[in-house]
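Protein chains in written order, with the working numbering: chain A, 277 to 668; chain B, 277 to 668.
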């Protein structure tokens with residue numbers, strides 16, 4: 277993974293941000309309720325899932341984010357509060373009010389998230405009782421919050437980086453039901469740089485497009501995807517271009533971390549498409565490759581069955597594809613030239629496919645469009661986790 | 277599966293059709309070369325894959341079928357002759373010439389198919405030597421041909437039915453890399469009814485649209501999909517409407533047989549979408565559900581996580597979806613009403629999901645469009661087969 281030097285060895289929060297998480301009885305013992313809090317009001321922007329069945333927190337969140345100001349995020353894991361009707365939306369409102377009461381602010385400054393099983397009523401009383409006193413637990417360690425929002429994640433996910441005098445911190449979760457569209461699973465970004473809400477919204481969308489929106493674990497777009505950014509301004513103004521560059525780098529790295537931790541995954545797959553007719557066609561081809569079950573199992577088995585790459589390119593019916601100009605590489609080793617499989621050394625391909633990060637590069641030779649997508653291999657672990665997710 | 281009474285208990289060929297298959301050394305011992313032969317010239321039509329990297333036999337087949345007349349189909353398994361360049365096309369031509377010489381006809385009346393690994397040169401000398409003398413082996417049992425074209429199929433696949441005085445026989449293979457578009461994997465249909473080639477082409481397309489084109493094992497569209505029909509006319513004229521009805525019924529049943537034998541599959545999944553704005557939107561929603569890894573693993577685990585159905589409907593961003601009018605049933609048992617999960621009995625859903633055939637029905641309530649798609653569950657067997665297909 278690139279740009280590792282950009283990130284702090286141990287993630288920290290920007291000035292004025294803290295978090296707390298605890299078990300309130302939604303899960304047997306693990307942390308299941310989390311607060312991320314700014315000491316002062318923060319400018320805020322967010323993008324949400326495009327799924328037609330948005331969860332109740334998404335319905336409320338779209339309303340809340342219109343104000344452009346947040347003090348805190350409250351998130352629970354285990355139950356997603358999706359497909360729960362009017363009562364679900366009322367429960368999301370009660371969750372915002374409970375957090376607001378604990379923090380001494382108003383409910384319209386609280387962003388609510390829920391993640392977990394779809395279609396199960398939110399145990400709102402446990403959350404209302406559980407949030408009381410959480411202010412006393414607030415700490416400066418983002419990992420505490422990252423742990424509280426985990427579902428099938430194998431580890432908590434947080435990053436931080438400096439830009440000028442300011443800090444940006446990313447906290448995210450997500451492992452399955454991931455092909456975000458407009459946003460990602462739950463991903464929160466905190467900064468003490470000063471930006472107004474419209475600027476933050478523009479920067480967030482610019483950063484999400486090449487990162488979280490190019491991630492796919494399983495083609496399944498969650499009903500709860502949320503990516504929010506809070507800027508409390510305590511570090512003052514920061515150069516916008518520098519800020520955006522770091523914001524994109526962090527979102528991209530978090531995307532790779534999420535992909536590598538895809539349910540059951542053993543490899544991170546990065547698909548680079550160049551020479552497409554347009555960037556949009558590059559996007560379609562990159563997603564087709566990263567989502568192909570046969571490509572994903574090829575990487576899993578380190579099986580040099582590279583014809584599957586061509587199959588996955590070729591099934592993009594609406595794109596301009598010319599076999600005679602199509603080349604492909606695996607971790608820099610060329611395996612296809614002009615649409616024909618080269619007589620490569622199987623052992624070299626087997627060895628490179630066994631690496632933790634597998635880069636599949638395809639040059640289409642019909643234009644200048646480019647796109648990069650992120651995903652993971654397909655393993656028995658994915659089947660195992662998802663054949664009994666609800667029941668476990 | 278419906279309409280079983282339509283089909284003969286043991287599949288037979290129409291008048292004048294026979295087949296033979298043998299091992300010619302492509303596989304260690306299993307049959308790998310097959311001939312389907314009509315005693316007389318037959319009117320013919322075919323549809324092929326829309327994949328941008330069509331195999332050499334597809335390139336040749338598109339040329340051959342223009343003549344509208346076939347005497348025979350020659351097919352090999354183990355090597356697909358895809359991504360093999362000009363030499364691949366020349367090898368396909370040699371394969372047609374070898375069959376023509378054996379049968380005493382011209383190469384433009386031979387349809388060639390190859391199925392197996394992509395990007396490996398076709399061992400054409402073994403095929404040329406192997407086809408010699410196959411005429412002596414020709415038999416009236418379609419299962420012999422069905423066995424010769426198998427790759428990862430767990431059993432040979434053939435059906436036959438009567439229509440008036442004529443017979444229709446279907447022989448097919450296919451287990452993975454299946455989301456046909458315009459056609460299916462290898463599927464051959466033989467009849468002694470008399471139709472001219474343009475009529476056959478129209479009937480074939482009408483039958484393929486609601487059957488093979490609604491099948492998906494893994495979203496991966498093969499580079500070799502071929503569905504051809506040969507009508508040798510030995511039974512004389514048959515009522516066209518009656519013929520089409522039986523043709524559709526057989527193609528639909530063969531689609532279900534292929535879906536149930538999807539790589540690693542333990543269940544046939546039939547997705548029925550009604551009330552879509554248009555038939556096309558119904559098609560998109562049905563395919564989204566049948567292709568969702570999380571729906572497929574839900575069925576595999578008999579896990580009553582029905583929110584995943586809504587997720588898969590909701591990720592059809594471009595379709596008209598209204599949560600408030602969306603209902604869903606599993607094998608007739610209602611689990612969603614007006615976009616909300618009902619408080620159903622988990623045990624009933626678990627039990628019904630454990631049946632071999634699982635029907636997922638979704639009513640969108642926004643129009644009169646309908647579509648039915650066919651697929652299978654996602655299991656560790658799929659991962660196992662495809663992590664080492666090339667190498668095994």
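Idealized CB from N, CA, C, for every residue including glycine.
How would you call residue 564 of chain B, buried or exposed, if buried means at least 16 neighbouring beta carbons within 10 angstroms?
-> Taking the first residue of the second chain as 1, we reach residue 564 of chain B at position 288. Buried is the call here.
Who are residue 546 of chain B's beta bridge partners in DSSP?
-> Against the second chain, residue 546 of chain B aligns to sequence position 270. The partner list for residue 546 of chain B (beta bridge, DSSP) reads B:635, B:650.
May I have a chain-ordered list of the alpha helix (DSSP H) segments no shorter than 4 residues that lie completely inside the stretch 332-357 of chain A?
-> 332-341
Proximal residues, the stretch 472-497 of chain B versus chain A, C-beta separation under 8 angstroms | 494, 495, 496, 497
Using only the heavy atoms of the ligand ADP, determine whether one of them is closer than 7 angstroms to the beta carbon of residue 539 of chain B.
-> The ligand ADP is not part of the structure shown, which contains no ligands of any sort.
On the three-state DSSP scale, how would you describe residue 444 of chain A?
-> By 1-based counting over the first chain, the position of residue 444 of chain A is 168. Strand.
Of the residues that make up the stretch 637-656 of chain B, which ones have a beta carbon closer than 7 angstroms to any beta carbon in chain A?
-> 654, 655, 656
In angstroms with no decimal places, state the Cα-to-Cα distance between residue 439 of chain B and residue 618 of chain B.
-> The residue given as residue 439 of chain B occupies position 163 in the second chain. The residue given as residue 618 of chain B occupies position 342 in the second chain. Each residue's alpha carbon lies about 46 angstroms from the other.
Label residue 339 of chain A either buried or exposed according to how many other C-beta atoms from any shown protein chain fall within 10 Å of its C-beta, with 16 as the threshold for buried.
-> Counting from 1 along the first chain, the entry for residue 339 of chain A is found at position 63. Looking at its Cβ environment, which holds fewer than 16 other Cβ atoms inside 10 Å, residue 339 of chain A is exposed.
For residue 392 of chain A, the residue or residues it bridges with in DSSP = For the purposes of this step, residue 392 of chain A is identified with residue 116 of the first chain, where counting begins at 1. The partner list for residue 392 of chain A (beta bridge, DSSP) reads A:354.
According to a CB-to-CB cut-off of less than 7 angstroms, which residues of the stretch 314-335 of chain B neighbour chain A?
-> 326, 327, 328, 329
Whole angstroms is fine: what's the gap from residue 326 of chain A's alpha carbon to residue 481 of chain A's?
-> By 1-based counting over the first chain, the position of residue 326 of chain A is 50. By 1-based counting over the first chain, the position of residue 481 of chain A is 205. Approximately 14 angstroms between the Cα atoms of the pair.
Tell me, please, whether the CB atom of residue 246 of chain B is closer than 8 angstroms to any CB atom in chain A?
-> The first residue shown for chain B is 277 and the last is 668, placing residue 246 of chain B beyond what the model contains.
Enclosing beta strand (DSSP E) for residue 433 of chain B [first to last residue] = To locate residue 433 of chain B, count along the second chain from 1; it is residue 157. Element bounds for residue 433 of chain B: 433-439.
Boundaries of the alpha helix (DSSP H) in which residue 259 of chain A is found, first to last residue = Residue 259 of chain A lies beyond the residue range present for chain A, which begins at 277 and ends at 668; the question has no answer from this structure.
Could you name the residues of chain B that residue 361 of chain A contacts, counting a contact when the two beta carbons are closer than 8 angstroms?
-> In the first chain, residue 361 of chain A corresponds to position 85, counting from 1. Here the neighbours are 614, 615, 616.
The stretch 432-458 of chain A: positions lying closer than 9 angstroms to chain B by Cβ | 452, 453, 455, 457
Contacting residues, own chain, Cβ-Cβ under 6 angstroms from residue 547 of chain A (five flanking each side not counted) | Here residue 547 of chain A refers to the residue found at position 271 of the first chain. Only 562, 565, 566, 636, 649 meet the Cβ criterion.
Just tell me which of A:499, A:469, A:626, A:652 has its CA closest to the CA of residue 580 of chain A.
-> Looking up residue 580 of chain A in the first chain gives position 304. With distances taken between Cα atoms, residue 580 of chain A lies closest to A:626.
Compare the C-alpha of residue 344 of chain A against each of A:471, A:498, A:373 and name the closest.
-> On the first chain, position 68 is the one that residue 344 of chain A refers to. Cα-wise, what sits closest to residue 344 of chain A is A:471.
When DSSP builds the beta bridges, which residues end up paired with residue 467 of chain B?
-> Here residue 467 of chain B refers to the residue found at position 191 of the second chain. Note: residue 467 of chain B sits in a beta bridge opposite B:444, B:507.
Can you find a CB in chain D that lies within less than 8 angstroms of the CB of residue 603 of chain B?
-> Here chain D cannot be found, since the structure's protein chains are A and B.
Residue 568 of chain B versus chain A: which residues are under 9 angstroms apart at the beta carbon?
-> For this step, residue 568 of chain B is matched to residue 292 along the second chain. Here the neighbours are 494, 495, 496.
Within-8 angstroms CB hit, residue 573 of chain B to chain A = Here residue 573 of chain B is taken as the residue at index 297 of the second chain, counted from 1. Closer than 8 angstroms: yes.
Say whether chain B places a C-beta atom closer than 8 angstroms to the C-beta of residue 659 of chain A.
-> Here the question's residue 659 of chain A lines up with position 383 in the first chain. Yes, its Cβ sits closer than 8 angstroms to a Cβ of chain B.
Would you say the stretch 397-414 of chain A touches the stretch 351-362 of chain A, given that touching needs at least three Cβ pairs under 8 angstroms?
-> yes
Along chain B, which residues have their Cβ under 7 angstroms away from the Cβ of residue 678 of chain A?
-> With chain A covering only 277 through 668, there is no way to say anything about residue 678 of chain A.
Who are the Cβ neighbours of residue 306 of chain A in its own chain at under 7 angstroms, not counting the five residues just before and after it?
-> Along the first chain, read from residue 1 onward, the residue named residue 306 of chain A stands at position 30. Hits under 7 angstroms: 299.
Check whether the stretch 375-386 of chain A touches the stretch 419-432 of chain A, counting contact only when three or more Cβ pairs, one atom from each stretch, lie closer than 8 angstroms.
-> no
Give a yes or no on contact between the stretch 282-293 of chain B and the stretch 653-665 of chain A, applying the rule of three or more CB pairs nearer than 8 angstroms.
-> no
Kindly list, in the order they appear in chain B, the residues whose Cβ is closer than 9 angstroms to that of residue 558 of chain A.
-> In the first chain, the residue the question calls residue 558 of chain A occupies position 282. Correct list: empty, because the minimum Cβ distance to chain B is about 15 angstroms.
Taking C-alpha atoms, which residue in A:492, A:434, A:512 lies nearest to residue 469 of chain A?
-> In the first chain, counting from the first residue as 1, residue 469 of chain A sits at position 193. Checked all of A:492, A:434, A:512; the closest Cα to residue 469 of chain A is A:512.
So is residue 584 of chain B in contact with chain A if we call contact Cβ pairs under 8 angstroms?
-> Walking along the second chain from the start, residue 584 of chain B turns up at place 308. Taking Cβ atoms only, chain A reaches closer than 8 angstroms to residue 584 of chain B, which makes this a yes.
So, residue 368 of chain B versus residue 346 of chain B, is the Cβ gap smaller than 8 angstroms?
-> Numbered from its first residue, the second chain carries residue 368 of chain B at position 92. Numbered from its first residue, the second chain carries residue 346 of chain B at position 70. The answer is no: Cβ separation not under 8 angstroms.
Same chain only: Cβ atoms within 6 angstroms of residue 315 of chain A, ignoring 5 sequence neighbours per side = Taking the first chain and counting its residues from 1, one reaches residue 315 of chain A at position 39. Result list for residue 315 of chain A: 292, in chain order.
Just to confirm, are residue 375 of chain B and residue 407 of chain B a CB contact at a threshold of 8 angstroms?
-> Here residue 375 of chain B corresponds to residue number 99 of the second chain, with the count starting at 1. Here residue 407 of chain B corresponds to residue number 131 of the second chain, with the count starting at 1. For residue 375 of chain B and residue 407 of chain B, yes; Cβs fall inside 8 angstroms.
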